[in-house]
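As they're listed, the protein sequences go chains H and E.
Under the working numbering, the first residue of the first sequence is numbered 1055, with each subsequent residue one higher.
Under the working numbering, the first residue of the second sequence is numbered 128, with each subsequent residue one higher.
We put the CB at the ideal spot given by N, CA and C, even for glycine.
Read through the structure below, which is laid out as structure tokens, and then see the notes.
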Amino acid sequence: MEQFLQQVLNGLAVGGIYALVALGYTMVYGVLKLINFAHGDLFTIGAYLGLTLLVSCNLSGLLPVPLAVLAVFIMVALLVALIGFLLERAAYRPLRHAGRLSAVVSALGASIFFQNAVMLLYGARVYVYPDFLRPDFTVHLFGMNVPGVRLLVIAASIMLMLGLWAFIQRTRIGAAIRAVAIDPGAAQLMGINVDRIISLVFLIGPGLGGAAGLMVGIYYGQIDFTMGWSYGLKAFTAAILGGIGNIPGAMLGGLLLGVIEALAAGYIAIAWKDAIAFLVLILILIIRPTGILGERTADKL
Amino acid sequence: MTRTLFSLALGALICVLPLFCNAYWTDVCVMIGLYALLSLSLNVILGQAGIFHMGHAAFFAVGAYTTAICNTLYQWPIFLTMPLAGAAAAFFAMLVARPIIHLRGDYLLIVTIGIVEIVRIALLNDVFGLTGGSNGIFGIARPRFLGFRIVKSIHFYYLVWGMVGASIVLFYGLWRSRFGRALNYIKADDIAAEGCGINVSRYKLTAFVLGAFWAGMAGTLYAAKMTTIAPESFNFMESVIIFAVVILSGGSQLGVLVSAFLFIGLPEVLREFSDARMLVFGLAMMLMMIWRPQGLLPPGPRRYPVATPSAAAAGQGGRS
């Protein structure tokens, strides 16, 4: 039982990270109907930028550690959001009215470009996040010792998700994003500046993705330039699992996928951990292609 | 007309190319041939039928491993394993594609990526105790043809490019056939095709299985050339490269050859910048989609000899 609960908590931590990345996929898919393959690499860039800011720029020496991490968190989110914004301008906006395949190929190109840009800038080796960044307290919970960092990661991702949820549901801009996702043409007729909304989505999604990259760095302690592929594909799986284009769906899908993966790794075989996510993806697409919460895209399949 | 001339020139160049190459460059050309073969087979699926399939490396891997296992464990001659490798890949393709073939474009794309990852992980985990885990399989024998042992790069060059030539002829026939027209129709508008009585799922599945069969046979050639295969040779990046070759080609067979040369050959020419070559590759994909989204050489319009009176008087066939 204790092992089970530990695995669930571990899964929730990883799942929270998947969910943050999945939000970027699902929001972009919602407004552009495009799989933004480069999103996983924006996540990688977040992890590397975080390391650079913390270590090379010695922010962790200037400020107390928790404060430094928080500051870097915000800076990374802003910087990666900026990169996402530029990416949309350069690689996707010219293709807005071209075929969908063109945009997908452009996205793949962007992904390869970013991945190799990171490799050229930082080198191909694995980077290690310094130990002292990792909060090393443990918490007693249901009679178990739970690493504090795990709870912090879960809390941070849930807080970010709730913030986004409130933004989308409660503000006028959030309503505009939802409107563009449902029907861009009609939204434009209602006086919504669709281009600006798309730019905004490309700021929010990559911002969350970059923050998730930093969280992976702190949680697992090491990063490498190819990690965007695997996290990106799994996050996309999570987005489909929850119902692509659906924001609460991406959150639910991410957490669920994380837990499924952790349990499968714990009880079946750790070597097959990565395959399980894809098996889940294939099964969900066969059984319920709209995902758990997806309804709207049913007619398009 | 210029295109016919260009094709002939390219064909002639391919025939005599190894005479001017040292062993290294011949090897590079063998690799270009293998990628051309894979891309031609993917062209049936992606270029002709418009199925977004990014997992071609999975079928390539199944073919290569079938050959490797049959050869190292049961000492089958390489050429005998070739149809079996194709059949194994085709069977695998049918198994995985059947439940997913109806999925819409980008969903299918992501599932095929999933398949290629599952295959790679299965190979890494030494599935059935046959694949040798991360080390792969080594000691694959050289192929023999009527007592002639194919060892040198130049032998492989003619073997691989001969296969490419045969594939081009076969796929051209396929393109001209009723089947090829149906695939193009599905690509243009699958709902209209369904409305005209084309069984879209069946045709898509057939195209998929056929492409996989060819990729499996390419796997045989790869295993024979390398004599060692490992899971990392069949990762997702390989699928992306094959996919990109087909997309950038525009869908014509000539385009596939040209873009295979560009994609595989050019990075070898620019060896000094080898670190940055994937960077340029990604950039090229983005720019290409912005400036020339139809690809390098999209297939020309289909021509039908329709004998209308005026056209017959002018002594030429009309264009449909």
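At a cut-off of 9 Å between C-beta atoms, H/Ser-1253 does not count as an interface residue with respect to chain E. In the three-state reduction of the DSSP assignment, H/Arg-1188 falls in the coil class. For the C-beta of H/Asp-1328, the chain E residues within less than 8 Å are, from N- to C-terminus, Glu-244 and Ile-248. Taking 9 Å as the threshold, the shortest C-beta distance from E/Ile-374 to chain H falls below it. E/Arg-271 sits in a strand when the DSSP states are folded into three classes. Annotation: H/Asn-1199 is outside any alpha helix (DSSP H); the continuous beta strand (DSSP E) that includes it extends over 1198-1201. By the criterion of at least three beta-carbon pairs nearer than 8 Å, the stretch 215-231 of chain E is not in contact with the stretch 278-293 of chain E. Note that the C-beta distance between E/Thr-355 and E/Ile-267 is below 9 Å. Looking at the DSSP output, E/Phe-265 bridges to E/Thr-355.
Excluding the 5 residues flanking it on each side, H/Ala-1157 has same chain C-beta neighbours closer than 7 Å at Leu-1088, Tyr-1146 and Leu-1149, in chain order. Residues of chain H with a Cβ closer than 7 Å to the Cβ of E/Val-238 are, in chain order, Leu-1335, Ile-1336 and Leu-1339.
One alpha carbon belongs to H/Met-1213, the other to H/Ala-1092, and they sit about 25 Å apart.
Relative to E/Ala-342, the option among E/Pro-432, E/Pro-270 and E/Ala-188 whose CA is nearest is E/Ala-188. Counting only residues of its own chain and dropping the five nearest sequence neighbours on each side, H/Gly-1282 has a CB closer than 6 Å to the CB of Gly-1094, Asp-1095, Phe-1097 and Thr-1098. At a cut-off of 4 residues, the continuous stretches assigned as alpha helix (DSSP H) that sit fully inside the stretch 349-402 of chain E are 363-376, 380-387 and 393-396. The way I'd put it, the stretch 1287-1296 of chain H does touch the stretch 1071-1084 of chain H; three or more beta-carbon pairs between them come closer than 8 Å. Across the structure, H/Met-1173 and E/Tyr-162 are spaced so that their CA atoms are roughly 25 Å apart. Listed as beta-bridge partners of H/His-1194 by DSSP are H/Asn-1199. Scanning the stretch 1107-1177 of chain H from its first residue to its last, the whole alpha helix (DSSP H) runs of 4-plus residues come out as 1113-1116, 1119-1141 and 1154-1176. The beta carbon of E/Asn-262 is closer than 7 Å to those of Ala-357 in its chain, skipping five residues each way along the sequence.
With the rule of 3 Cβ pairs closer than 8 Å, the stretch 191-203 of chain E counts as touching the stretch 335-352 of chain E. For a Cβ distance threshold of 8 Å, residue set Leu-1162 and Ile-1166 of chain H lies close to E/Val-367, ordered along the chain.
Membership of H/Gly-1320 in the alpha helix (DSSP H) is indicated by the continuous run 1301-1321.
The C-beta of H/Ser-1110 comes no closer than 9 Å to any C-beta of chain E. Short of 8 Å from the beta carbon of E/Val-171, and not among the five residues preceding or following it, lie these beta carbons of its own chain, in chain order: Phe-298, Leu-301, Leu-310, Ala-334, Leu-337, Gly-338 and Trp-341. Neighbours of H/Leu-1287 in chain E, taken as residues at a C-beta separation under 9 Å, are given in chain order as Ile-237, Ile-240, Gly-241, Glu-244 and Phe-363.
Secondary structure note for H/Pro-1260: its alpha helix (DSSP H) is the uninterrupted segment 1248-1274.
For H/Trp-1219, the nearest beta carbon of chain E is not closer than 9 Å to its own beta carbon. Beta-bridge annotation (DSSP): E/Arg-276 is paired with E/Arg-271. By the rule that beta-carbons nearer than 9 Å mark a contact, E/Phe-186 does not touch chain H. Distance from the CA of E/Asp-317 to the CA of H/Arg-1250, rounded to the nearest whole angstrom, comes to 34 Å. In this structure, the straight-line span from the alpha carbon of H/Gly-1228 to that of H/Gly-1217 is close to 12 Å. CA-CA distance, H/Tyr-1083 to E/Ala-150, rounds to 48 Å. A check of alpha carbon separations from H/Gly-1261 across H/Gly-1065, H/Glu-1056, H/Val-1068 and H/Leu-1103 identifies H/Leu-1103 as the nearest. E/Gln-175 is classed as buried because its beta carbon has at least 16 other beta carbons within 10 Å across all chains shown. For H/Asn-1170, the nearest CB of chain E lies under 9 Å from its own CB, placing it at the interface with that chain.
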